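The block underneath contains the structure these notes are about, expressed in structure tokens.
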Amino acid sequence: MSFFTFVKGRIPYRFKAPLGRLLASRKSLAEDQRLNRRPCSLENRHLEGCRVLPNRLALLELLPKDGVVAEVGVADGNFSAAILDRNHPRTLHLIDLWASSFSGSDDLAFKSVSKRFANEAREDRVQFHRDYSWDAISKLAPASLDWIYLDAGHDYDDVVKDLEVARHAIKPDGFITGHDYVKWSSPNGRFGVVEAVNEFCLKHDFAMRYVTFESNMHHSFAIQRIA
Ligand SMILES: C[S@@+](CC[C@H](N)C(=O)[O-])C[C@H]1O[C@@H](n2cnc3c(N)ncnc32)[C@H](O)[C@@H]1O
687 MSFFTFVKGR IPYRFKAPLG RLLASRKSLA EDQRLNRRPC SLENRHLEGC
737 RVLPNRLALL ELLPKDGVVA EVGVADGNFS AAILDRNHPR TLHLIDLWAS
787 SFSGSDDLAF KSVSKRFANE AREDRVQFHR DYSWDAISKL APASLDWIYL
837 DAGHDYDDVV KDLEVARHAI KPDGFITGHD YVKWSSPNGR FGVVEAVNEF
887 CLKHDFAMRY VTFESNMHHS FAIQRIA
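No gaps in the numbering here: position 87 of the sequence shown is 773 in this note's numbering, and each next residue is one more.
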């Protein structure tokens, strides 16, 4: 048992949540200062023709149907079900650690998702990948995906890693899409999705094709290589 786990185990239960929030908010403010120093404004050519959509279900309507797709960060599979319903993918790769911060692995959640999509898995339409997102994405066949939806780690470093491997996994005209194109989220703190996505567009010449505009401000994005 590590020293940290030993100390954590001795903190009275009623202090754990407020202490966690305090540490998270300190970490978020430090991350905010670090990320705000990064220049990441998109230029006109990254936004030309970009469509604003009411929500991510409307985004699904515009993404390719009958294709090969990956959802990265699945949780209980609610959005996976929407993808299956609306886009009828030939193959849907479902990628998640299904891990909880308490036990390290969340077999109940994994079992429940496996059960939910058991029929599709039997037909090989759904494939499960229980791994770190960047490792699982990098094992997919290069240039095989019509689109990918990133919704796993939301810290800057995690999103940068996912985007870099997603670039190789999508077809030349494929889309990288994802959730939470937003800087702050309550109660999660500072996200790094905006900086990671914008820097990626500037570095690799991708343009924003769609952005969603939910009232809860948990926007989704879809980017594609500039032809
Ligand atoms: C916000 S939830 C996904 C929600 C889902 N996309 C939806 O819309 O219903 C994020 C999930 O990502 C997973 N996750 C977070 N970081 C990850 C990582 N680095 N690798 C794999 N899975 C990760 C978590 O286990 C969690 O289930």
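In this text, a Cβ means the ideal position worked out from N, Cα and C, and glycines have one as well. The model shown is predicted, which means the values in this text are computed figures rather than measured ones.
_Per-residue burial, H779 [other beta carbons within 10 Å of its own, 16 or more giving buried]_ = buried
*Give the straight-line distance between the Cα atoms of T691 and G759, rounded to the nearest whole angstrom.*
Because T691 carries a pLDDT of 49, less than 50, the predicted location of this residue cannot be relied on, and the following value inherits that uncertainty. Whole-angstrom Cα-Cα distance: 26 Å.
*Assuming G860 contacts W820 under a Cβ cut-off of 8 Å, what Cβ separation, rounded to an integer in Å, is found between them?*
Not quite, the Cβ-Cβ distance comes to about 17 Å (not below 8 Å), so this is no contact.
*By DSSP, does E757 sit in helix, in strand, or in coil?*
strand
*Could you give the DSSP three-state label for P750: helix, strand or coil?*
coil
*Is the closest heavy atom of ligand 1 to the C-beta of G759 under 7 Å?*
yes
*asked:* Below 7 Å, is the gap between the Cβ of G839 and the nearest heavy atom of ligand 1?
replied: yes
*Please name the residue, chosen from L728, P858, Q910 and L715, that lies closest to G864 on a Cα-to-Cα basis.*
Q910
*When you compare only the Cα positions, how much space is there between F886 and L794?*
35 Å
*Rounded to a whole number of angstroms, what is the C-alpha to C-alpha distance between A710 and E809?*
43 Å
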